[in-house]
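In what follows, a structure is listed as structure tokens, so that the remarks can point back to it.
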Amino acid sequence: MNVLSLAKEPAGKSLAERRADFPILSEKVHGRTLIYLDSAASAQKPRAVITAMVETMERQYANVHRGLHWMSERTTEAYEEARRAAARLINARESEEIVFVRNSTEAINLVAHSYGRGVLRPGQAVLISEMEHHSNIVPWQLLRDAHGVELRVAPVTDAGELDMLALARLLEDGKVALVAITHMSNVLGTVTPAERIVRMAHAAGAKVLFDGSQAIVHRPVDVQALDADFYAFTGHKLYGPTGIGVLWARRELLERMPPFLGGGEMISEVTFERSTWAAVPHKFEAGTPAIIEAIGLGAAIRYVEEIGYPAITAHEAALTEHALARLAAVEGVRVIGQAQDRGGVVSFTLDRAHAHDVATLLDRSGIAVRAGHHCAEPLMRRFGVDSTARASFALYTTMDEIDALAEALAKVREFFR
Ligand SMILES: *Cc1c(COP(=O)(O)O)cnc(C)c1O
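The opening position of the sequence shown corresponds to residue 68 in the numbering used here, with each subsequent residue numbered one higher.
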């Protein structure tokens, strides 16, 4: 019996059988069946998501909220059902705390712009970490330059973990008003100790925003248990479509925050003198939203819920352990990041080979990995590299695919000897 069949969920379908839910996984690349190890950049989509989107367009499509006709009401109901699904997924107190945005990047920009300029005061500080994605660095630099807040950076240890002592020191003077930090690194795979971070930040009088772009794919997230203040994630990494993401925040914070974008859908009343805003969350959803994509995300969430996180987490932990062992056995491979608590993302370098060449050669074997700085240039500098190759896993990844990666990598190694 293999690990995949042990990961059977109650519904009876094993994760191995689930592969058939993803049409693209039977496509050929350079004459070989695709081995897709780039899910951390964007995950493939199950048929349930594709069908939900196609059916929306074919059978019940109209603009949402304003319509008084049957089609519009049906579409609005499906759109709002997706909001309820997102709330359920992260255990938000109420679905009104879910703001639909385009992606994690927009979610973080929304907070930086609205909460940053509207609530934070010049002289207060925002604390990020050394292992942030550019999406959780640049919005805070823009805020710093426009609004005079200080930007602090918590260091990462050689093992690729957050330096908790340094974090505590950076919080000590009470000037940090917001900690904006990743819940799981897209480069190192490190899962940060979210509950401890929240306790420390709250004790120092700071709110906490988690960039959950990676974490939510691999772990159950409960924003109430975490006691978080903001949580951002992006649909396309969670088996959903592009163009849709989620910002969750506590209702009282959303109510204090001024709008980010102005226009239709987000108003209560408009005159040329002044306008008033719609209730939360619509205040933050200006213009026609990504209706079809939100419905697709709702389907993705139901798909993940049906399988359940326990099966996904156990499967990916086994894959990661196997990958680390297999890669360690390939001469010249250096894995970046050895965190105790980690998810299914493995970054590595190969002696004398540029990561781009490694990725290009692996592609000849039909293996898709990512190579580059992974939108985390400061982290690359921290580890003294300019790029890495990265293999990342999903619920549909198999042990055989990891073996294929290790074997192909050993051949690439011969090439650069
Ligand atoms: C992918 C990713 C983002 C950005 O997601 P977008 O969908 O591009 O907005 C932010 N943070 C992390 C950790 C990511 O992995």
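Glycine included, every Cβ here is placed at the ideal spot set by N, Cα and C.
| query | result |
| --- | --- |
| Check whether Leu293 and Ala261 have beta carbons under 8 Å apart | yes |
| Separation of Leu135 from Ala392, as counted between CA atoms | 59 Å |
| Close Cβ partners of Ser342 (< 7 Å) along its chain, the five nearest in sequence each way excluded | Ile334, Glu336 |
| Reference Arg114; option with closest CA among Val412, Arg369, Asp418, Ala477 | Arg369 |
| Backbone secondary structure at Met251 - three-state DSSP | strand |
| 4-residue-minimum alpha helix (DSSP H) runs that sit fully inside the segment 251-329, ordered along the chain | 261-270, 282-285, 290-293, 318-323 |
| Any non-hydrogen atom of ligand 1 within 7 Å of Gly312 CB | yes |
| Host beta strand (DSSP E) of Ser459 (start-end) | 455-459 |
| Phe167 - containing beta strand (DSSP E), residue span | 165-168 |
| C-alpha gap between Ala475 and Ala426, whole angstroms | 11 Å |
| Beta-carbon proximity list for Val402, same chain, < 8 Å, skipping 5 on both sides | Leu391, Leu394, Ala395, Val413, Ser414, Phe415 |
| His485 vs Leu104 beta-carbon contact at 8 Å | Here the chain comprises residues numbered 68 to 484, so residue 485 is not present and cannot be evaluated. |
| Anticipated Cβ contact below 8 Å, Ala107 with Arg457, distance rounded | 7 Å |
| Close beta carbons around Asn176, own chain, < 6 Å, minus the five adjacent residues each side | Pro206 |
| As assigned by DSSP and simplified to three states, the class of Val118 | The question names Val, but residue 118 is Thr in the sequence shown. Note: Thr118 maps to helix in three-state DSSP. |
| Integer Cβ distance of Tyr306 from Ala367, believed to fall under 8 Å | 4 Å |
| Start-end ranges of the beta strand (DSSP E) lying completely within the segment 373-461, minimum 3 residues | 400-403, 412-417, 437-439, 455-459 |
| Sub-8 Å separation of Arg219 and Val243 beta-carbons | yes |
| DSSP state of Thr123 mapped onto helix, strand, coil | helix |
| Limits of the alpha helix (DSSP H) - the one that Ile175 falls within | 171-177 |
| Proximity test, Lys112 beta-carbon vs ligand 1 heavy atom, cut-off 7 Å | no |
| Proximity of Gly363 and Ala129 at Cβ, strictly below 8 Å | no |
| Counted within 10 angstroms of its Cβ, other Cβ atoms place Pro90 as buried (16 or more) or exposed | exposed |
| Residues bridged to Val193 [DSSP beta-bridge criterion] | Leu218, Leu245 |
| Heavy atom of ligand 1 within 7 Å of His303 beta-carbon | yes |
| Distance between Arg484 and Ala247 (C-alpha atoms, nearest Å) | 43 Å |
| Contact under 8 Å by Cβ, Ala435 with Ile102 | yes |
| Inter-residue CB distance, Leu245 and Ala221 (contact presumed, cutoff 8 Å) | Wrong, their Cβ atoms sit about 13 Å apart, outside the cutoff. |
| Where Lys350 falls: helix, strand or coil (DSSP) | helix |
| Collapsed DSSP secondary structure at Arg472 in the structure displayed | Correcting the residue identity first, residue 472 is Leu in this sequence and not Arg. Correct three-state label for Leu472: helix. |
| Local conformation of Asp105 per DSSP, three classes | strand |
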